[in-house]
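Okay, so here's the structure we're looking at.
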Amino acid sequence: MSVWLLRIAWASLPITAGPAAADALDGWSTGPQIVAAVLLWSAWGVVLTGVLTPRPVALTAVRVAAPGFFVLAVVAAIFGDAAGVTAVAAIVVTGAAVVLAVTPGVAMAAANGVAYGDERRFPLKTPRVLLLGPLPPAPLLVGAGIAAGPLLVAADRPVVGALALVVGIPVAALMVRALHGLSRRWVVLVPAGLVVVDPLTLPDPVLFLREHIASLRAADPSERVHAGVVDLRLGALADSLALTLGRETEFLATRRGVRGSVPATTTELRFAAVRSGELLAEAAQRRIPVPTA
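Okay, here's the thing in structure tokens:
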């Protein structure tokens, strides 16, 4: 449902938010006005294509563009000449797109859009430290990094515009890369068992064979994690799961304060995935041991 609501909201933006954008650009000179219109239409078209065919790259695109469109709608309402109803419509619909872009349903659709054969992907929860810190401004840095240079050049300020391009494009690329990494964090149920894919904590995907899994269970977020457990949650405690292995398993992991990857040996992992209840039910159907309450 959330995927279809996002599609409807995004497809309607030329009607619901377009008038407010047009009013905001009305007082601009011709050059910047054309550049701004091209950038807005291009972003809208790219994201529309993405939400119609969900993929991780499409998830990244909508999570970058939607907050930027929302901020622009708010700025246009405050400083533009749009009528009250027009401004409110733009804010409401772009705000709805932001909310829908971060729903589990949209993340699930994007993850499973690149699934192979008989596998099911469940996105990992976004680390809390990112939600409270660098994540919210990242989409705005992408938008500013891409748009500032062309707009300044179009406004007959080529030197400043060139400098903005030199600085802004690398910043935007860095932010997009970081955001796209969050779109590629999954727990994948495969015929052989379970795979954890997490560029933030694991340099490579790790397969845990079904015959080596002792249990997969919901974990109390307040439960103390004892020494020897590999915790991949990065502070995202809701929907925590505990994977217990029948024997010690070694794999490479990243560790805070340590450059590169280090060997990790454990019999238990903790991670947090969206729709954890659905994940447990699917795992049980695939004969992964899931304790019943």
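Residues in the sequence shown are numbered consecutively from 18, following our numbering.
The C-beta atom is built at its ideal place from N, Cα and C for all residues, glycine as well.
Is residue i buried or exposed, if buried means 16 or more other CB atoms sit within 10 Å of its CB?
i	result
Arg-304	exposed
Leu-219	buried
Val-146	exposed
Phe-288	buried
Trp-58	exposed
Pro-71	buried
Val-176	exposed
Thr-282	exposed
Leu-117	buried
Phe-96	exposed
Arg-276	exposed
Thr-309	exposed
Arg-138	buried
Val-279	exposed
Thr-266	buried
Ala-298	exposed
Starting from residue i, follow the alpha helix (DSSP H) in both directions and report where the run begins and ends.
i	result
Leu-149	Leu-149 -> no alpha helix (DSSP H), and no H or E assigned at all.
Ala-93	73-96
Gly-263	First-last for Gly-263: 257-272, but that is the beta strand (DSSP E), not the alpha helix (DSSP H).
Ala-231	Careful: Ala-231 lies outside any alpha helix (DSSP H), inside the beta strand (DSSP E) at 230-235.
Val-109	101-118
Trp-21	19-28
Trp-58	47-69
Pro-156	155-171
Gly-198	175-199
Leu-42	35-42
Val-205	From DSSP, Val-205 is part of no alpha helix (DSSP H) but of the beta strand (DSSP E) over 203-207.
Val-213	First-last for Val-213: 210-214, but that is the beta strand (DSSP E), not the alpha helix (DSSP H).
Pro-121	121-129
Given a cut-off of 8 Å on the beta-carbon distance, is the pair residue i and residue j in contact?
i	j	result
Glu-136	Leu-226	no
Ala-189	Gly-162	yes
Val-204	Leu-141	yes
Gly-62	Ala-75	no
Arg-202	Val-183	no
Ala-38	Ala-124	no
Gly-178	Val-20	no
Leu-42	Gln-50	yes
Ser-200	Pro-306	no
Quick one, which of the options has its alpha-carbon nearest residue i's?
i	options	result
Leu-157	Leu-89, Gly-85, Thr-47 and Ala-118	Gly-85
Gly-134	Pro-208, Val-247, Leu-147 and Asp-256	Pro-208
Leu-217	Ala-298, Pro-121, Ser-29 and Arg-272	Arg-272
Val-212	Thr-103, Leu-286, Val-20 and Ala-164	Leu-286
Gly-185	Arg-292, Ile-25 and Ala-165	Ala-165
Ala-26	Pro-175, Glu-267, Thr-111 and Val-176	Thr-111
Ala-104	Val-91, Val-115 and Ala-114	Val-91
Pro-238	Glu-228, Leu-254, Asp-248 and Trp-61	Leu-254
Thr-33	Leu-269, Ala-124, Ala-236 and Gly-101	Gly-101
Asp-248	Ala-270, Leu-76, Glu-228 and Arg-264	Ala-270
Ala-181	Ala-298, Gly-160 and Ser-29	Gly-160
Pro-153	Thr-120, Met-192 and Leu-297	Met-192
Ala-54	Ala-132, Val-64 and Gly-35	Gly-35
Phe-87	Ala-113, Pro-73 and Pro-306	Ala-113
Arg-24	Leu-148, Val-119 and Leu-65	Leu-65
Val-119	Thr-143, Val-109, Ala-106 and Ala-107	Thr-143
Where do the ends of the beta strand (DSSP E) carrying residue i lie?
i	result
Val-307	Looking at the DSSP string, Val-307 is not in any beta strand (DSSP E), and its letter there is neither H nor E.
Val-11	Within the shown structure, residues of the chain are numbered from 18 to 310, placing residue 11 beyond reach of any answer.
The region 116-134 touching the region 156-175, judged by at least three CB pairs closer than 8 Å: No, the region 116-134 is not in contact with the region 156-175.
Given 8 Å, three or more beta-carbon pairs between the region 189-205 and the region 67-86: yes
Below 8 Å, can you find three or more Cβ-Cβ pairs linking the region 228-236 to the region 247-267? yes
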